[in-house]
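Below: the structure, in structure tokens.
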Amino acid sequence: MRIHNKKKSALSENKVTPESVYRQRRHLVQGLGLGAAAFSNGASAGFLDSLFGGDKETQPTTRAMAKTVPLTFTQPKAYQLDIPVTAERVATSYNNFYEFGADKSDPVRYAQQFKTRPWTMTISGEVDNPHTIDVWAWLEKQQLEERIYRHRCVEAWSMVIPWLGVPLANVIKAANPTSKAKYVAFETLYDPEQMRGQASRFIGGGIEYPYVEGLRIDEAMNPLAMLTVGMYGKTLPPQNGAPVRLVLPWKYGFKGIKSIVHIHLTDKQPPTTWNKSAASEYGFYANVNPQVDHPRWSQASERVIAEGGLFGSERQPTLMFNGYQEEVAELYRGMDLRKFY
Ligand SMILES: Nc1nc2c(c(=O)[nH]1)N[C@H]1C(S)=C(S)[C@@H](COP(=O)(O)O)O[C@H]1N2
Ligand SMILES: [Mo]
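First residue of the sequence shown: 232, per this note's numbering; consecutive thereafter.
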């Protein structure tokens, strides 16, 4: 999103990579058999960086990925998708999590020591039952669902990811919202000692911390909105927002706030991080909409990061509400989506 201070954007990765280097990398990937799940959990972050075009000057390290734990879950038919899922090694190493740095390769590199246990999340504000959730104990008692969702970043790339979690509505209902609860605000942990991007404006991409997001209450109650604790059958790795994050498949990825510590119900529309940073570029709603371009690039199509990873990824047309019209169009009936972008 903050592309001006970076040497390249995700959009033009293939274009700016010299063709020979690009081919070499392709060859390397094939030669190593990375098409299979050769690197799931024990992969070296440094090595992944070198493969995925992170910091090319850095030597591979032996740094191990933080441990993730297998989860038990159901697979509701309604949320299975018959399209190729993005390779796990890619979805867990090509990330946006500016708290750990603004480069796609920073989160996997710098989040491995992030302390996600214990973790508490409060739910407060316009509710009759404000309370604090001990996330790991709570998680044990949840009927987790696997949902394969399409993920569309505002930067015009997309993935397909099998998430594990529960409907956000469950958690909101448990707090008993009052009649004044019109919006839901979310907040990421603020801990500059652990999050290097919060300690330095330069490393953190110039956005304000803590990262905050928000939804209208009816959006938050929509069955698609998912409070997510896992992916690929396991707990979330830190770079993907452990231990608990939002996933909102009809909205641009930045609405999917990571590592949540506070949920607050209010009667007013809450501020959101990217809107505060650049209001003309990122709205409160941020619904995927191929007809409303970002001021600096088209949103009509997207680069698909599929099973093969970043290499040879193709473009496909972007769909209204990222293909989830049937489930969410009603929420915005009568609204001018150019105005409420
Ligand atoms: N706290 C926080 N949440 C965040 C971000 C961030 O920088 N900080 N980046 C957002 C963006 S732009 C995207 S595309 C998704 C990426 O999620 P993923 O890395 O799990 O694919 O996380 C979103 N949630
Ligand atoms: Mo994004």
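Idealized CB from N, CA, C, for every residue including glycine.
Query, Result
"Helix, strand or coil for R320 per DSSP?", "helix"
"Could you tell me whether the region 536-555 touches the region 400-407, where touching means 3 or more Cβ pairs closer than 8 Å?", "no"
"Can you give the Cα-Cα distance for S532 and P349, rounded to whole angstroms?", "41 Å"
"With a threshold of 8 Å on Cβ separation, who are the neighbours of G464 within its own chain once the five nearest residues in sequence on each side are excluded?", "P301, L302, F304, E377, P393 and L395"
"Taking only heavy atoms of ligand 1 into account, decide whether any of them is closer than 7 Å to the Cβ of F328.", "yes"
"S389: buried (16+ other C-beta within 10 angstroms of its C-beta) or exposed?", "buried"
"Under 7 Å: does the beta carbon of T419 sit that close to some heavy atom of ligand 1?", "yes"
"Can you tell me whether V316 sits near ligand 2, meaning its C-beta is under 7 Å from at least one heavy atom of the ligand?", "no"
"Between which residues of its own chain and E357 is the CB-CB distance below 7 Å, once the five residues before and five after are set aside?", "P408, T409, K411, A412, L496, T497 and D498"
"Enumerate, from N- to C-terminal direction, the unbroken alpha helix (DSSP H) stretches of 4 or more residues contained entirely within the region 312-370.", "319-322 and 337-341"
"How is D560 classed by DSSP in three states: helix, strand or coil?", "Reading off the sequence, residue 560 comes out as Ala, not Asp. Reduced to three states, the DSSP call for A560 is helix."
"In whole angstroms, give me the CA-to-CA distance for A297 and Q344.", "7 Å"
"If you count every other CB in all the chains shown that lies within 10 Å of the CB of R476, and 16 or more means buried, which is it?", "buried"
"Per the DSSP calculation, L458 is bridged to which residue(s)?", "V397 and L477"
"On a CA-only basis, which of G436, R546, T347 and A400 is nearest G332? Give me that one, please.", "G436"
"Indicate, with yes or no, if ligand 2 has a heavy atom lying under 7 Å from the CB of V444.", "The sequence shown places Glu at residue 444, not Val. Outside the cutoff, so no."
"Tell me the rounded alpha-carbon separation between Q522 and E330.", "31 Å"
"DSSP state of I488, grouped into three classes?", "coil"
"Going by Cα to Cα distance, which pick from A517, R527 and S544 is closest to D567?", "A517"
"Measuring only the C-alpha atoms, how far is K482 from S355?", "24 Å"
"So, with DSSP's three-state summary, where would you put K570?", "coil"
"Quick check: the Cα distance between R546 and V535, rounded to an integer number of angstroms?", "6 Å"
"If you check the beta carbons only, do A342 and F328 fall under 8 Å apart?", "yes"
"Measuring alpha carbon to alpha carbon, tell me which of F571, S508, A473 and M352 ends up nearest R432.", "S508"
"Could you compute how far the alpha carbon of Q306 sits from the alpha carbon of N520?", "28 Å"
"Would you report the Cα separation of V478 and G461, rounded to the nearest angstrom?", "11 Å"
"In whole angstroms, give me the CA-to-CA distance for I438 and W369.", "31 Å"
"What does the alpha-carbon distance come out to for the pair L172 and A400?", "For the chain, the structure presents residues 232 to 572; residue 172 sits outside this window and is missing."
"Nearest to V574 by CA position, among K489, E450 and Q470, is which residue?", "Given a span of 232 to 572 for the chain in the structure shown, any question on residue 574 remains unanswerable."
"What three-state label does DSSP hand P469 in the structure shown?", "helix"
"Give the straight-line distance between the Cα atoms of N360 and F542, rounded to the nearest whole angstrom.", "49 Å"
"If you count every other CB in all the chains shown that lies within 10 Å of the CB of D365, and 16 or more means buried, which is it?", "exposed"
"Under 7 Å from any heavy atom of ligand 1, does the C-beta of I488 make it?", "yes"
"Can you check whether the C-beta of L312 is within less than 8 Å of a C-beta belonging to chain D?", "As a matter of chain content, chain D is missing from the structure shown, which is built from one protein chain."
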